[in-house]
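A.B. asks:
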Amino acid sequence: MSESVVAAHPEHASQTTPSQPPVARVLRDLSVLTGGQGGDGTLTVSDLLARYFHAQGMYVYNSRSVLSRIRGGYAAASSRASVEPTMAQKALQDVIVAFHQDAITFGEKTLSADGFILGDEKVVTNPGQNTVLLPISITAASKLGNPLYKNVIAFGALSVLMGMDREVARKVVEQRFGRRSEEARAKNLSAFDIGVELAAKSPGPKPRFSVERGTAKDQVLLTGNQALAYGFVVGGGRFFAGYPITPATPVMETLMKILPQYHGVVRQAEDELSAINMTLGAAYAGARAMTATSGPGFSLMTEALGHAGEAEIPVVITDCQRVGPSTGEPTRNEQSDLFHAVFASHGEFPRFVLAPGFPQDAYDIGIQALNLAEKWQLPIILLLDQALGENMQTTPRLTLKGVSVDRGKLLSQEALDALAAYKRYEFTKDGVSPRTIPGMKGGQSQVTGNEHDEWGHVSVNVENRKMMMAKRMTRLRLAKPDLPPPIIWGDEKARVGFIGFGCTFGPIREAQGLLKRKGISSRFYQARTLWPVPIETLAPFLSSVDVVFVVEHNFMGQFARLIRSFVTAHNIESIVKYDGSSFVAEEIAGHVEQMMKEHASYVPSKTPIVTYESEGGGF
Amino acid sequence: MVEHVKPIQPTWCPGCGDFGVMAAVKKGVLELKIPSENLVLVGGIGCSGGIHNFMDGYGFHALHGRLLPTAIGVKLANPKLTVVAIGGDGDGYAIGMGHFVHALKKNTSITYIVMNNETYGLTKGQASPTSHVGFEGNVEPPVDAILTALSIPAAAFIARGFSGTPKEATALVTEALRFTQERKGFAFVEILSPCVTYNDTYDLWREKVEDVGKRPGYDKADRGKAFSTVLDVMHSGKIPVGEIYRTPDDQLYTSLDRTLLPNPAEAPATVDISVAANLARYEKMLASLE
Numbered sequence: 003m004s005e006s007v008v009a010a011h012p013e014h015a016s017q018t019t020p021s022q023p024p025v026a027r028v029l030r031d032l033s034v035l036t037g038g039q040g041g042d043g044t045l046t047v048s049d050l051l052a053r054y055f056h057a058q059g060m061y062v063y064n065s066r067s068v069l070s071r072i073r074g075g076y077a078a079a080s081s082r083a084s085v086e087p088t089m090a091q092k093a094l095q096d097v098i099v100a101f102h103q104d105a106i107t108f109g110e111k112t113l114s115a116d117g118f119i120l121g122d123e124k125v126v127t128n129p130g131q132n133t134v135l136l137p138i139s140i141t142a143a144s145k146l147g148n149p150l151y152k153n154v155i156a157f158g159a160l161s162v163l164m165g166m167d168r169e170v171a172r173k174v175v176e177q178r179f180g181r182r183s184e185e186a187r188a189k190n191l192s193a194f195d196i197g198v199e200l201a202a203k204s205p206g207p208k209p210r211f212s213v214e215r216g217t218a219k220d221q222v223l224l225t226g227n228q229a230l231a232y233g234f235v236v237g238g239g240r241f242f243a244g245y246p247i248t249p250a251t252p253v254m255e256t257l258m259k260i261l262p263q264y265h266g267v268v269r270q271a272e273d274e275l276s277a278i279n280m281t282l283g284a285a286y287a288g289a290r291a292m293t294a295t296s297g298p299g300f301s302l303m304t305e306a307l308g309h310a311g312e313a314e315i316p317v318v319i320t321d322c323q324r325v326g327p328s329t330g331e332p333t334r335n336e337q338s339d340l341f342h343a344v345f346a347s348h349g350e351f352p353r354f355v356l357a358p359g360f361p362q363d364a365y366d367i368g369i370q371a372l373n374l375a376e377k378w379q380l381p382i383i384l385l386l387d388q389a390l391g392e393n394m395q396t397t398p399r400l401t402l403k404g405v406s407v408d409r410g411k412l413l414s415q416e417a418l419d420a421l422a423a424y425k426r427y428e429f430t431k432d433g434v435s436p437r438t439i440p441g442m443k444g445g446q447s448q449v450t451g452n453e454h455d456e457w458g459h460v461s462v463n464v465e466n467r468k469m470m471m472a473k474r475m476t477r478l479r480l481a482k483p484d485l486p487p488p489i490i491w492g493d494e495k496a497r498v499g500f501i502g503f504g505c506t507f508g509p510i511r512e513a514q515g516l517l518k519r520k521g522i523s524s525r526f527y528q529a530r531t532l533w534p535v536p537i538e539t540l541a542p543f544l545s546s547v548d549v550v551f552v553v554e555h556n557f558m559g560q561f562a563r564l565i566r567s568f569v570t571a572h573n574i575e576s577i578v579k580y581d582g583s584s585f586v587a588e589e590i591a592g593h594v595e596q597m598m599k600e601h602a603s604y605v606p607s608k609t610p611i612v613t614y615e616s617e618g619g620g621f
Numbered sequence: 002m003v004e005h006v007k008p009i010q011p012t013w014c015p016g017c018g019d020f021g022v023m024a025a026v027k028k029g030v031l032e033l034k035i036p037s038e039n040l041v042l043v044g045g046i047g048c049s050g051g052i053h054n055f056m057d058g059y060g061f062h063a064l065h066g067r068l069l070p071t072a073i074g075v076k077l078a079n080p081k082l083t084v085v086a087i088g089g090d091g092d093g094y095a096i097g098m099g100h101f102v103h104a105l106k107k108n109t110s111i112t113y114i115v116m117n118n119e120t121y122g123l124t125k126g127q128a129s130p131t132s133h134v135g136f137e138g139n140v141e142p143p144v145d146a147i148l149t150a151l152s153i154p155a156a157a158f159i160a161r162g163f164s165g166t167p168k169e170a171t172a173l174v175t176e177a178l179r180f181t182q183e184r185k186g187f188a189f190v191e192i193l194s195p196c197v198t199y200n201d202t203y204d205l206w207r208e209k210v211e212d213v214g215k216r217p218g219y220d221k222a223d224r225g226k227a228f229s230t231v232l233d234v235m236h237s238g239k240i241p242v243g244e245i246y247r248t249p250d251d252q253l254y255t256s257l258d259r260t261l262l263p264n265p266a267e268a269p270a271t272v273d274i275s276v277a278a279n280l281a282r283y284e285k286m287l288a289s290l291e
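Those protein sequence lines, which keep their order, are chains E and X. Okay, so the first sequence: first residue is 3 according to the numbering used here, each after it adds one. Okay, so the second sequence: first residue is 2 according to the numbering used here, each after it adds one.
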């Protein structure tokens, strides 16, 4: 077993500068990094670019790197557009928009050999090679009365330098700001025109390059957080309580806009303790309910997580992970809450930990989680991460195909009336008891976090305890066929495997493409159920390849370790990253190539695998 | 009718003040003819929090200190229910104090009854947030939840009763239940409930309670007057009880449940969530994504 660490951006060492200015060429895959001080509105430029390229039929992946403060500090956002589907950042930038010297200082080493920099003359003190300096913020202040219009001015200038369709770009500005007010529309359109004018007068070739039009159809721009929120609504979710926390807050913000239209309730609680307990109360009362948080908030929720397990309350908890522990790096990406999601809270109880890999997946699994929670009457943790949660990307239009509501053993009043006796925790074959909700006549019950008998009365009887433990824990085994299956991507006959979950999806998929071009074909097990560990599909996958790279954003290689605790496999390698930034495909592919080189013998013909199916009480 | 869970015998010590509180709750429920299937009792952790096991209704045993968020969640999921949160002074004013203040602010139409015995009975008599200086080595002057509640602008129903004067306690609880039945907001009733085992204060409290309503010129609609009277009574060495403050109907803030769910029949727990029932709106919503 080997744990190895990939240094951030190993291949991004500074590039040699071309002696000739770049000539116009046509790009099929490009990335624009916008960097400045927090509060500069760098995200606005990225957002406009994403909307433009989306309108041009390209696949878009936006990512951001901001500090956790509203103003100040270096903040950068990148926008990638590609003719081919992409769900990851690009290693090298084709354009850097610099609203601050830092954007050049920190960003220049990631500029591609024939890329260029668009800099704001007022703040850029040390322009790099190939920099177009324009009086962006000064003109914004003098002509429009507010330096913040520099974002749209820069976008206007980019439309010239990047050979964009002027009318489409202008329309994007109009759509983005027109909804706010007539003044916002007019001023931003002026800003765009000013940018066009400034760039037109600048020295050097115009455009520097042009961008090929894409053919992507019926795509929308969404983040994982947003997609999850929509899934929650169409899955019948009607109650949400949360507490503001980066990067999970957009789930609450999205739901605040839409849920009240469906007689739903969204509440901002006084803390995460309140948020989860309100959610439990609403779920107990019969609403499909969810809370969403990030690591620190999830830590506060752990007592209530166990309560949901013991009291058998169907509830969904989303943990949109960030860098931990403690306050960590609130705006940066990590997947280090996996162990916590799987093991959090004292005592033993069943839970499912599910992890979508891309926005559409967050929508689908969000819907499915609501059904699973009610069917199996237990807490479900949806593990997202900052990159999946916050990065906006093109996603196939969300549909209602296959969406259904399954409330499990929730009784109707008629079904309840037909019973001789109603016991909330009745022993059953599948461990799931019929459930009533307050207001139903004859369904009165005691729901409690104390160990209890079938009626819900407190009990310390040893036989009862054993039966209740079995009743609850047996669901971990019985529910397995119901849980989201993995998706296996790539070549069936490949000898190299990848395992990953969440935001590593895009980089792994792209790395598969890079490797394939070098003659290394691979298979990728995209895990969507993390707990209970899906050994039924993992074991055959591990056996089907010579070596498996488990790619994840944490120090310990948590998923690899979790898998190893259920199988004995000698072909698992870890690729981990925990510096706060997300993997790019080149890192993963480079790592695999190097490992393959170093361990030529590392291709065992037959890898013995033993699976342990029944530890302890035997789930 | 289908047989359902039966109330069990209380686990309280003989003579416990909590018996009087439960009697008051039962009488209030009876008086207002609240059907037991519409009654949700959310209990906290501690002796008092077991009350839901001893009454007919839907019982939920919440986590220590978290009964208020739980009860608010129940009410906001289905405002047709009568939701009563019942716990002790440790549960409510120590581990749950943050939620207490915010429950007053949130102003959801639920009744919150705190059985205050000025000690942690279930863990055998430690000092609680309401213990006086000197009790079990306590050196911190106690909190007073009535003063706390009075300081929250939305708090509209604030009362304190005494388990030793059951008629008055019953009247306060009944009024609180009526207040929430009418969806007027959050009703808070603290009931002094002696712990006969670790802090037997029956005789002391019988001597010390003073009904503020009997003070000449007392106006329970005057928050400032209520505050100063409560302080006066406390400074004189007595314990203020009675319906201490009540916002007149025409000055009430709209309760949270009424604001969010004007029609109680259309609520998160009861609205039709099938895809078929929502199809047109779902399609429109998804089509609006760009």
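Ideal placement from N, C-alpha and C gives every residue a C-beta, glycine not left out.
Return yes when the Cβ of G508/E is within less than 9 Å of the Cβ of Y63/E, no when it is not.
C.D. replies: Closer than 9 Å, so yes.
A.B. asks: Does K107/X pass the burial test, meaning 16 or more other C-beta atoms within 10 Å, or should it be called exposed?
C.D. replies: Under this definition K107/X is a buried residue.
A.B. asks: Helix, strand or coil: how does DSSP classify V190/X here?
C.D. replies: Three-state DSSP puts V190/X in a strand.
A.B. asks: Just checking: is the beta-carbon of S275/X within a distance shorter than 9 Å of some beta-carbon in chain E?
C.D. replies: Yes - at least one Cβ of chain E is within 9 Å of the one on S275/X.
A.B. asks: Are N335/E and R353/E close, meaning C-beta to C-beta below 9 Å?
C.D. replies: Against a cut-off of 9 Å, the Cβ pair of R353/E and N335/E comes out as no contact.
A.B. asks: Anyone know if the C-beta pair for F499/E and L544/E falls short of 9 Å?
C.D. replies: A small correction: the amino acid at residue 499/E is Gly; Phe does not occupy that position in the sequence shown. Yes; because the gap between Cβ atoms is below 9 Å, this pair is in contact.
A.B. asks: With burial defined as no fewer than 16 other Cβ atoms inside 10 Å of the residue's Cβ, what is the status of D273/X: buried or exposed?
C.D. replies: The residue in question, D273/X, is exposed, as its Cβ has fewer than 16 Cβ neighbours within 10 Å.
A.B. asks: Enumerate, from N- to C-terminal direction, the unbroken alpha helix (DSSP H) stretches of 4 or more residues contained entirely within the stretch 153-185 of chain X.
C.D. replies: Entirely contained in the stretch 153-185 of chain X, the alpha helix (DSSP H) runs reaching 4 residues are, in chain order, 167-182.
A.B. asks: Hey, is M470/E's beta-carbon within less than 9 Å of any beta-carbon in chain X?
C.D. replies: Chain X, which has no Cβ nearer than 9 Å to the Cβ of M470/E, makes this no.
A.B. asks: Quick check: the stretch 213-227 of chain X against the stretch 178-198 of chain X, are there 3 or more CB pairs under 8 Å?
C.D. replies: Because the criterion of three Cβ pairs below 8 Å is not met, the stretch 213-227 of chain X and the stretch 178-198 of chain X do not touch.
A.B. asks: Can you tell which of R563/E, A218/E, I315/E has the C-alpha that lies nearest to the C-alpha of F351/E?
C.D. replies: The option with the nearest alpha carbon to F351/E is I315/E.
A.B. asks: Per DSSP, what kind of secondary structure is T570/E in: helix, strand or coil?
C.D. replies: Of the three classes helix, strand and coil, the one that applies to T570/E here is strand, per DSSP.
A.B. asks: For the beta strand (DSSP E) that contains A270/X, what are its first and last residues?
C.D. replies: Neither: A270/X is in no beta strand (DSSP E) and is coded neither H nor E.
A.B. asks: Three-state secondary structure (DSSP) at L485/E?
C.D. replies: In this structure, L485/E counts as coil in the three-state DSSP scheme.
A.B. asks: Quick one: what's N64/E bridged to in DSSP?
C.D. replies: DSSP output for N64/E lists S81/E as bridge partner(s).
A.B. asks: Are there any heavy atoms of the ligand ADP lying less than 8 Å away from the beta-carbon of V125/E, as far as the coordinates show?
C.D. replies: The ligand ADP is not part of the structure shown, which contains no ligands of any sort.
A.B. asks: For the putative contact between P252/E and Q228/E, defined by C-beta atoms under 8 Å, what is the C-beta separation to the nearest angstrom?
C.D. replies: Contact holds; Cβ gap of about 6 Å.
A.B. asks: To the nearest angstrom, how far is the alpha carbon of I565/E from that of L480/E?
C.D. replies: When rounded, the distance between both Cα atoms is 19 Å.
A.B. asks: Among D484/E, L478/E, E453/E, which one has its Cα closest to the Cα of M2/E?
C.D. replies: Missing from the structure shown is residue 2/E; chain E here goes from 3 to 621 and no further.
A.B. asks: Here's a check: name, in chain order, each residue in its chain whose Cβ is nearer than 6 Å to the Cβ of L275/E, leaving out the five neighbours to either side.
C.D. replies: Around L275/E: L302.
A.B. asks: Could you give the distance in angstroms between the alpha-carbon of S6/E and the alpha-carbon of N556/E?
C.D. replies: With a pLDDT of 36 at S6/E, under the threshold of 50, the modelled position of this residue cannot be trusted; read the value that follows with caution. Those two C-alpha atoms are separated by around 11 Å.
A.B. asks: Going by DSSP, what residues sit across from N200/X in a beta bridge?
C.D. replies: Its beta-bridge partners are C196/X.
A.B. asks: Between P262/E and chain X, is the shortest Cβ-Cβ distance under 9 Å, so that the two count as touching?
C.D. replies: For P262/E, the answer is yes, since a Cβ of chain X falls inside 9 Å of its Cβ.
A.B. asks: What residues of chain X sit near G445/E, judged by a beta carbon separation below 9 Å?
C.D. replies: Here the neighbours are V3, H5, E38, Y59.
A.B. asks: Going by DSSP, what residues sit across from Q448/E in a beta bridge?
C.D. replies: Per DSSP, G60/X.
A.B. asks: Quick one: complete alpha helix (DSSP H) runs, 4+ long, within the stretch 475-562 of chain E?
C.D. replies: Whole alpha helix (DSSP H) segments, 4+ residues: 507-519, 537-546.
A.B. asks: Express the C-alpha separation of G130/E and P24/E in angstroms, rounding to a whole number.
C.D. replies: For P24/E, the predicted model reports a pLDDT of 46, less than 50, meaning its position is unreliable; a value from the coordinates is still stated below. Taking the straight line joining both Cα atoms gives about 15 Å.
A.B. asks: Using the Cα positions of G16/X and D201/X, report the straight-line distance between them to the nearest angstrom.
C.D. replies: When rounded, the distance between both Cα atoms is 10 Å.
A.B. asks: What residue ranges within the stretch 215-261 of chain E form continuous alpha helix (DSSP H) runs of no fewer than 4 residues, ordered along the chain?
C.D. replies: The qualifying runs are 226-236, 251-260.
A.B. asks: One question on the structure: do L517/E and A591/E come within less than 9 Å of each other, judged by their Cβ atoms?
C.D. replies: In contact: L517/E and A591/E (Cβ atoms closer than 9 Å).
A.B. asks: Would you check if there are 3 or more beta carbon pairs closer than 8 Å linking the stretch 204-222 of chain X to the stretch 236-254 of chain X?
C.D. replies: The stretch 204-222 of chain X vs the stretch 236-254 of chain X: in contact.
A.B. asks: Can you look up G109/E in the DSSP assignment and give me helix, strand or coil?
C.D. replies: In the structure shown, G109/E sits in a helix (DSSP, three-state: H, G or I).
A.B. asks: Less than 8 Å between C-beta atoms, sequence neighbours within five positions excluded: which residues of the same chain meet that for E169/X?
C.D. replies: Counting only Cβ-Cβ distances below 8 Å, and skipping sequence neighbours, we find G162, F163, D212, V242, G243.
A.B. asks: With 9 Å set as the bound, which would you pick, yes or no: does the beta-carbon of P269/X sit closer than that to a beta-carbon of chain E?
C.D. replies: Yes, P269/X counts as interfacial toward chain E.
A.B. asks: List the residues of chain E that I9/X touches, going by C-beta distances under 7 Å, in chain order.
C.D. replies: Neighbours of I9/X on chain E, chain order: H459.
A.B. asks: Determine whether the Cβ of A188/X lies closer than 9 Å to any Cβ atom of chain E.
C.D. replies: Output row for A188/X: interface = no.
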